[in-house]
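**Student:** Mind having a look at this structure? Questions to follow.
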Ligand SMILES: [Zn+2]
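Residue numbers (this note's numbering): 100 to 574.
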C-alpha cells in the first residue's frame with residue numbers, strides 16, 4: 100500500500116521585546132545567570148504579573164507578517180504542571196482565547212506549484228526557567244537560571260497541510276523570512292530562538308482520514324527537521340507494513356545518530372483561566388497602527404525588484420531573503436551602481452566576506468556609497484574583477500575608500516595600448532611553442548597567454564584588450 104504523510108507543526112518563537120512578558124526585567128536570557136529577575140519572574144507568592152505592552156506589539160507584528168487575524172479579545176490561562184524549571188506550578192499561556200487565528204503562507208512545492216499552507220492559531224506564552232546540569236565535587240547537581248523565566252514566546256500551530264519534508268522545510272524558510280522581516284524575533288533554530296515540533300502520521304494515499312500521530316522534538320536546524328521527518332515517515336511505514344500499530348507518543352531526534360527514539364511522557368495538566376492577568380482587548384485601529392510599521396514584505400518586494408531593476412525572479416528572491424540585504428542592495432543601486440552587478444557581487448564575494456568574518460547583513464562594515472564606487476570603477480574598466488575582490492576584502496577591515504585602496508595597492512588596470520603592446524611583444528617572443536600552437540587553432544593557448552600577461556602585470560592588465568592584441572599579432 101502507498102502511504103501519504105500528514106504533517107503539522109508547533110513552533111515556539113522567542114520574541115525580541117525589550118522586557119519580559121509580565122515584568123520590566125530585561126529580556127536577555129543569555130546574561131550571567133539570575134541577573135534579570137524580580138519577584139514577579141522569580142514567581143514568588145503574591146507578586147502580580149502585569150502584561151507588557153511592548154511584548155504585545157512584537158507579537159502582533161509577528162502575527163500580521165504571517166497573514167493572521169488578530170482577535171478582538173484574548174486572555175491567558177494557567178497551564179498546570181510542576182517541574183523544577185516551573186516552581187510556581189503553572190505556565191501562563193493562551194489556550195481558550197488565543198491572540199490570533201487563520202493565517203497562511205504560500206510555498207512553492209517540489210513540482211513548482213504554489214501551495215497555500217494554513218496556520219490555525221498563534222498564541223502567547225511565557226517561557227520557563229532554564230535548568231543547568233553540572234558536576235560539583237564529583238556529584239551531579241542541577242542549577243536553575245531564572246533569566247529566561249517569563250521571557251516572551253509565541254507558539255504557532257499550523258494545520259496538518261504538509262505532506263513531505265520538502266514542504267516542511269520550504270514552509271519553515273518562508274516562515275522564518277516573514278518573521279525576521281517583522282523585526283520581532285531572530286528566529287534562529289541553532290540558537291534556540293525558534294523551536295520546531297513536528298506531528299507526523301501516515302494514511303493510505305488519496306484517503307482523507309487522520310490517523311494517530313507521533314510528535315518529534317529536539318531538532319536544531321531546518322535541515323534536522325527535514326531529516327527527522329524523513330526518518331519518522333520511514334519508521335512508521337515500516338511499522339505499518341509489519342502490521343504494527345502507531346501509538347500516540349513523543350520522540351526525540353538524535354542529530355548524531357540520525358534517529359528518533361521515544362521519550363517519557365510529560366504530565367499534561369488542565370488549562371484554567373488565569374484570574375490575575377486582565378483580558379487583552381485590541382481595537383482595529385490599534386492593529387492598523389501596528390500594521391503600518393511592517394516594512395515592505397518579501398513577495399511585494401520581489402515583484403517590485405523584477406519590474407524596477409530588471410532582476411530575474413531568482414535574483415530578486417535571493418536579494419530579498421533578508422531585509423537588511425535587500426535594503427543594502429537598494430541603497431547601493433541608488434548610489435549609482437547597476438542593479439545586476441550589485442546582485443552578482445552581493446551574492447558571491449560579499450557573502451563570502453561576511454561569512455569568513457562571522458558578520459551578518461545588519462552589521463556590514465562597508466558603506467553602500469563605497470561599495471557603489473568600487474563597482475563603478477570595475478564597470479568603467481579601471482580595475483579588474485580580481486582587483487575588485489582584493490579591494491572589497493580590504494574595505495571590510497579599514498575605513499578607506501576604494502579609490503584610496505586602489506591607489507595604495509597600485510591596482511589601476513592598464514588599458515594604455517602602447518604599454519600592453521610591449522607586454523604582449525615580450526610575452527610572445529618568450530613562448531614560441533605556444534604561439535605555434537595558437538596558429539594551428541588551439542584556442543586553449545589563448546587563455547594561457549592572457550593568464551601569463553595578467554601575471555606579468557600583477558593582475559592590472561585589461562584581459563580583453565590583451566586577447567585582442569595577441570589575436571592581431573598571430574594573424
Ligand atoms: Zn522580572
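Even glycine gets a Cβ: it sits at the ideal position worked out from N, Cα and C.
Bear in mind that the values here come from a model prediction, so they are computed numbers and not experimental data.
Any C-beta of chain C sitting closer than 8 Å to the C-beta of residue 352?
**Tutor:** Here chain C cannot be found, since the structure has a single protein chain.
**Student:** Would you kindly check if the distance between the Cβ of residue 360 and the Cβ of residue 351 is under 8 Å?
**Tutor:** Their beta carbons are under 8 Å apart, which means residue 351 touches residue 360 by this criterion.
**Student:** In terms of alpha-carbon separation, which member of 501, 555, 544 lies closest to residue 522?
**Tutor:** Nearest C-alpha to residue 522: 555.
**Student:** How far does the beta strand (DSSP E) with residue 176 in it reach, from first residue to last?
**Tutor:** Per DSSP, residue 176 belongs to the beta strand (DSSP E) from 176-179.
**Student:** I'd like the span of the beta strand (DSSP E) that includes residue 203, first residue to last.
**Tutor:** Looking at the DSSP string, the run of the beta strand (DSSP E) that includes residue 203 is 199-207.
**Student:** Quick check: what's the CA-CA separation for residue 277 versus residue 172?
**Tutor:** The alpha-carbon atoms of residue 277 and residue 172 are separated by roughly 25 Å.
**Student:** State the DSSP-derived secondary structure class of residue 223, mapped to helix, strand or coil.
**Tutor:** Here residue 223 sits in strand by DSSP.
**Student:** Is any non-hydrogen atom of ligand 1 found closer than 7 Å to the C-beta of residue 157, if you look at the structure I gave you?
**Tutor:** Checking the Cβ of residue 157 against ligand 1 gives no.
**Student:** Since residue 114 contacts residue 284 with CB under 8 Å, what's their CB separation in whole angstroms?
**Tutor:** About 6 Å; that satisfies the 8 Å criterion.
**Student:** Note down, in chain order, each residue of its chain lying with its Cβ closer than 8 Å to the Cβ of residue 302, except the 5 sequence neighbours on either side.
**Tutor:** Hits under 8 Å: 102, 103, 105, 308, 309, 310.
**Student:** Figure out for me which residue from 166, 164, 230 has the closest Cα to the Cα of residue 185.
**Tutor:** If we check each option's Cα against that of residue 185, 230 comes out closest.
**Student:** Using the C-alpha atoms, what's the distance from residue 298 back to residue 313?
**Tutor:** The straight-line gap from Cα to Cα measures roughly 6 Å.
**Student:** Is there at least one non-hydrogen atom of ligand 1 closer than 7 Å to the beta-carbon of residue 136?
**Tutor:** Indeed, a heavy atom of ligand 1 lies less than 7 Å from the Cβ.
**Student:** Quick check: does the Cβ of residue 124 come within less than 7 Å of any heavy atom belonging to ligand 1?
**Tutor:** Yes; taking the cut-off as 7 Å, the Cβ of residue 124 has a heavy atom of ligand 1 nearer than that.
**Student:** Looking only at its chain, what residues have a beta carbon closer than 7 Å to the beta carbon of residue 452, apart from the 5 residues adjacent to it on each side?
**Tutor:** Correct list, in chain order: 491, 492, 495.
**Student:** Among all the DSSP beta bridges, which residues are the ones paired with residue 252?
**Tutor:** In DSSP, residue 252 forms a bridge with 113, 224.
**Student:** Cβ-heavy atom distance between residue 370 and ligand 1 below 7 Å?
**Tutor:** Answer for residue 370: no, Cβ out of range of ligand 1.
**Student:** Can you find a heavy atom of ligand 1 that lies under 7 Å from the Cβ of residue 249?
**Tutor:** True, at least one ligand heavy atom lies under 7 Å from that Cβ.
**Student:** Alpha carbons only, please: which of 376, 217, 123, 136 is nearest the one belonging to residue 175?
**Tutor:** The shortest Cα separation from residue 175 among 376, 217, 123, 136 belongs to 376.
**Student:** At which residues does the beta strand (DSSP E) containing residue 460 begin and terminate?
**Tutor:** Neither: residue 460 is in no beta strand (DSSP E) and is coded neither H nor E.
**Student:** Determine the direct distance from the alpha carbon of residue 354 to that of residue 334, and round the result to whole angstroms.
**Tutor:** Distance between the alpha carbons of residue 334 and residue 354: 16 Å.
**Student:** Residue ranges of each alpha helix (DSSP H) run of no fewer than 4 residues wholly in the segment 519-568, ordered along the chain?
**Tutor:** Counting whole runs of 4 or more residues, the segment 519-568 contains the alpha helix (DSSP H) stretches 531-538, 543-555.
**Student:** Which residues does DSSP pair with residue 297 in a beta bridge?
**Tutor:** Note: residue 297 sits in a beta bridge opposite 108, 315.
**Student:** Looking at the unbroken beta strand (DSSP E) that takes in residue 361, where does it start and where does it end?
**Tutor:** Taken as a continuous stretch (DSSP letters only), the beta strand (DSSP E) holding residue 361 covers 358-361.
**Student:** From the DSSP output, which residues share a beta bridge with residue 379?
**Tutor:** BP columns for residue 379 point to 173.
**Student:** When the Cα atoms are used, what is the spatial distance from residue 329 to residue 263?
**Tutor:** Using only the alpha carbons, I get a separation of about 8 Å.
**Student:** Using a 10 Å radius around the Cβ and a threshold of 16 neighbouring Cβ atoms, would you call residue 220 buried or exposed?
**Tutor:** Buried, because 16 or more other Cβ atoms sit within 10 Å of the Cβ of residue 220.
**Student:** Can you list the beta strand (DSSP E) stretches of 3 or more residues lying completely in the segment 259-306, in chain order?
**Tutor:** Counting whole runs of 3 or more residues, the segment 259-306 contains the beta strand (DSSP E) stretches 293-303.
**Student:** For residue 541 and residue 533, what's the separation of their Cα atoms in angstroms?
**Tutor:** Cα to Cα, the separation comes out at about 9 Å.
**Student:** Thinking just about the alpha-carbon of each residue, which of 371, 245, 224 is nearest to the one in residue 150?
**Tutor:** The shortest Cα separation from residue 150 among 371, 245, 224 belongs to 224.
**Student:** What residue range is occupied by the uninterrupted alpha helix (DSSP H) comprising residue 136?
**Tutor:** Careful: residue 136 lies outside any alpha helix (DSSP H) and carries neither H nor E.
**Student:** Skipping 5 residues on each side, what residues in its chain have a beta carbon closer than 8 Å to that of residue 405?
**Tutor:** These residues qualify, in order along the chain: 411, 412, 415.
**Student:** Have a look at 324, 266, 243 and flag the residue whose alpha-carbon is nearest the alpha-carbon of residue 232.
**Tutor:** Closest option to residue 232, Cα to Cα, is 243.
**Student:** Following the continuous beta strand (DSSP E) through residue 231, name the residue where it begins and the one where it ends.
**Tutor:** Its beta strand (DSSP E) spans residues 229-235.
**Student:** Check whether the Cβ of residue 187 lies closer than 7 Å to any heavy atom of ligand 1, and answer yes or no.
**Tutor:** Incorrect: residue 187 has no Cβ contact closer than 7 Å to ligand 1.
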